[in-house]
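Going down the list, the protein sequences come from chains A and B.
First residue of the first sequence: 54, per our numbering; consecutive thereafter.
First residue of the second sequence: 89, per our numbering; consecutive thereafter.
From the three backbone atoms N, C-alpha and C, an ideal C-beta is built for every residue, glycine too.
To start, the structure under review is shown below, and the notes come after it.
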Amino acid sequence: GENVEQHPSTLSVQEGDSAVIKCTYSDSASNYFPWYKQELGKRPQLIIDIRSNVGEKKDQRIAVTLNKTAKHFSLHITETQPEDSAVYFCAASRGNKLVFGAGTILRVKS
Amino acid sequence: DAMVIQNPRYQVTQFGKPVTLSCSQTLNHNVMYWYQQKSSQAPKLLFHYYDKDFNNEADTPDNFQSRRPNTSFCFLDIRSPGLGDAAMYLCATSRDPGGENEQYFGPGTRLTVT
């Protein structure tokens, strides 16, 4: 089955700096890669996703890149703000199941 | 305009006492999922329904059951909760089972087992 690895497990950045979180997946047939943000005690919320026919997608300060050959994808957050502090999960999907990475705790220091 | 609703938000049960968690959705989505999320871990899929078809994950304990009486509602039954079942239980929905469909999560039910 699919296995998703996520790094780093924790990331501290200064406000205004960029943050990058990386994930690798094992199943080359996976074709959908969402990123979720989860604040303490709240539901995971989709912040951006990318499909296998696209190499990069951007939404304001957030971008995701996908390298299907290498089977890895990354989340980039620019101009980080304190409200970006949360746990971020990557996931990979083939069919109807999401397999999540272990999560990255992002702390943005002001 | 809540889309995926879970009740209760907090549930305390005793060791071995059956408990039922509820999920409802206003999205008219075909697929409903139940995840277990323990502290500092990723959500772990327990099972899902595609319409009336039940799909259990291979490693989901028999202690966990689910019912979907209609499109809008789905229940998670824990027959004999153990201390290790204390967790956040998340319900999610998606329009179709295809891999490119976004999953919408409910706010979760935090289960405490005493």
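Here Pro97/A is buried: its Cβ has 16 or more other Cβ atoms, across all protein chains shown, within 10 Å. Collapsing the DSSP output to three states places Leu171/B in a helix. Listed along the chain, the chain B residues whose CB falls inside 9 Å of the CB of Asn149/A are Val119, Tyr121, His136, Tyr138, Asn143, Ser182, Asp184, Pro185, Gly186, Gly187, Asn189.
Cβ-Cβ separation between Ile115/A and Ile103/A: approximately 11 Å, too far for a contact (criterion under 8 Å). By the neighbour-count criterion, in which 16 or more other beta carbons inside 10 Å mark a residue as buried, Ser83/A falls on the buried side.
In the structure shown, Pro185/B adopts coil according to DSSP, grouped into three states.
For Ser127/A, the uninterrupted beta strand (DSSP E) segment begins and ends at 125-130.
Secondary structure of Asp137/A (DSSP, three-state): helix. Taking every protein chain shown into account, the CB of Phe193/B has 16 or more other CB atoms within 10 angstroms, so this residue is buried. By the Cβ rule, the stretch 139-153 of chain B does not count as touching the stretch 94-105 of chain B, because fewer than three pairs are nearer than 8 Å. Using a C-beta cut-off of 8 Å, the stretch 107-122 of chain A makes no contact with the stretch 91-102 of chain B, since fewer than three inter-stretch Cβ pairs fall below that distance. When DSSP states are grouped into helix, strand and coil, Asn106/A belongs to the coil group.
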